[in-house]
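So the structure is just underneath, and the comments pick up after that.
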Amino acid sequence: MATVHVLDHPLIQHKLAILRNKNTSVKEFRELISEIAGLMCYEATRNLPTEEVEIETPVAKAKVKMLAGKKLAIIPILRAGLGMVDSMVDMIPSAKIGHIGLYRDPETHLPVEYYCKLPDDIENRQVYVVDPMLATGGSAVAAIDFLKKYGCKNIIMMNIIGCPEGVKAVQEAHPDVEMYLAAVDERLNDHAYIVPGLGDAGDRIFGTK
Ligand code: PRP
Ligand code: URA
Numbered sequence: 094m095a096t097v098h099v100l101d102h103p104l105i106q107h108k109l110a111i112l113r114n115k116n117t118s119v120k121e122f123r124e125l126i127s128e129i130a131g132l133m134c135y136e137a138t139r140n141l142p143t144e145e146v147e148i149e150t151p152v153a154k155a156k157v158k159m160l161a162g163k164k165l166a167i168i169p170i171l172r173a174g175l176g177m178v179d180s181m182v183d184m185i186p187s188a189k190i191g192h193i194g195l196y197r198d199p200e201t202h203l204p205v206e207y208y209c210k211l212p213d214d215i216e217n218r219q220v221y222v223v224d225p226m227l228a229t230g231g232s233a234v235a236a237i238d239f240l241k242k243y244g245c246k247n248i249i250m251m252n253i254i255g256c257p258e259g260v261k262a263v264q265e266a267h268p269d270v271e272m273y274l275a276a277v278d279e280r281l282n283d284h285a286y287i288v289p290g291l292g293d294a295g296d297r298i299f300g301t302k
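Residue numbers for the sequence shown follow this note's numbering, so the first one is 94 and each next one is one higher.
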């Protein structure tokens, strides 16, 4: 079964507390999503391979470690996943970016696909799928299904807030996918919203409600 990492770092938890607050403005919400994603990226890239190279400092020759050239891709699930991209690209500027557009049908809560554009060589890349919310897990499972159809083998899922139902759904469908979350909340409500959660992440990032 895939490892689930819940990132309980005090900086992440503090920012998450402000993010959840219903009185937090759209501007601040957007900034916090980005900041939390940047901090999560630091942990989610911890196991990237490095190689030893020799360089010269102003003082002496030194053997130092650099990333071993593994190719990366960041795949936001639209819309809300877009909020997590910029801070990750700041950290890993050579990463390519693909987009998977999914929305949840309000009645069935099942994901509906409306857009997909991936880097040509996606199958050779370490892929980070990013989306602030993991509720039923339907969107995450559909996005990973899709990436696997394109040949992706190394996939990491990053969500800011999840719940037991969503974590279980991803684990059962994709036991090879490692998961990073900032919190796993109590449960889903009757509308498949996470409780206590933060409401609708897309609407709060883009100010659409
Ligand atoms: C939200 C969220 C996830 C999905 C999670 O997107 O960003 O993609 O719901 O729910 P699930 O785990 O039950 O599939 P939404 O469908 O609201 O679209 P949006 O990002 O365009 O607002
Ligand atoms: N999508 C969201 O944006 N929030 C939830 O709580 C569930 C799905």
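Don't be surprised by glycine CBs; every beta carbon is placed ideally from N, CA and C.
| field | Three or more C-beta pairs below 8 Å linking the segment 138-153 and the segment 193-200 | value | no
- prompt: Beta carbon of Gly230, beta carbon of Val263: below 8 Å?
  reply: yes
Discussion item. By alpha-carbon positions, which one of Met94, Ala95, Ser118 and Arg123 ends up nearest to Ile253?
Written reply: Checked all of Met94, Ala95, Ser118 and Arg123; the closest Cα to Ile253 is Arg123.
Name the one or two DSSP bridge partners that Leu160 has. As DSSP reads the structure, Leu160 sits in a beta bridge with Thr143.
(message) Just to check my reading of the structure: Gly292 and Val119 have Cβ atoms closer than 8 Å, yes? What is that Cβ distance to the nearest angstrom?
(response) Not quite, the Cβ-Cβ distance comes to about 12 Å (not below 8 Å), so this is no contact.
- Could you round the C-beta distance between Ala130 and Met181 to whole angstroms and report it? I think they count as a contact, below 8 Å. 6 Å
**Report entry** Closer than 7 Å: Ile287 CB and nearest the ligand URA heavy atom
**Finding:** yes
Under 8 Å: do the segment 245-260 and the segment 217-231 share three or more Cβ pairs, one atom per stretch? Yes, they touch.
Assign Gln106 to one of two classes, buried (16 or more other C-beta atoms within 10 Å of its C-beta) or exposed (fewer than that). exposed
Problem set entry | Inter-residue Cα distance where the pair is Asp101 and Ile287 | Straight-line Cα distance between these residues: approximately 19 Å.
In its own chain, which residues sit with a C-beta less than 8 Å from the C-beta of Ile190, not counting the 5 before and 5 after it?
-> Ala166, Ile167, Ile168, Pro169, Val178, Val182 and Pro212
Taking C-alpha atoms, which residue in Thr138, Leu125, Leu112 and Ile298 lies nearest to Ala188? Thr138
Report back the beta-carbon spacing between Arg218 and Lys164 to the nearest angstrom; my notes put them in contact at under 8 Å.
5 Å
Going by the DSSP bridge assignment, what does Gln219 pair with across the sheet?
In the DSSP output, where bridge partners are listed per residue, Gln219 has Leu165 and Asn247.
> By DSSP, does Gly131 sit in helix, in strand, or in coil?
Replying inline: Under the three-state reduction of DSSP output, Gly131 falls in the helix class.
>> I'd like the list of long-range same chain contacts for Lys210, defined as Cβ closer than 7 Å, with 5 residues on each side in sequence excluded.
In response: Answer for Lys210: Gly191 and His192, listed in chain order.
Would you say Ile170 touches the ligand PRP, meaning its beta carbon is less than 7 Å from a heavy atom? yes
Based on the DSSP secondary-structure assignment, which residues constitute the bridge partners of Glu149? Lys154
**Prompt:** The beta strand (DSSP E) with Pro204 in it runs from where to where?
**Reply:** Pro204 to Lys210
- Message: So, with DSSP's three-state summary, where would you put His192?
- Response: strand
Is it right to say Ile148 is buried, meaning 16 or more other beta carbons lie within 10 angstroms of its own, or is it exposed? Exposed: under 16 other Cβ atoms inside 10 Å.
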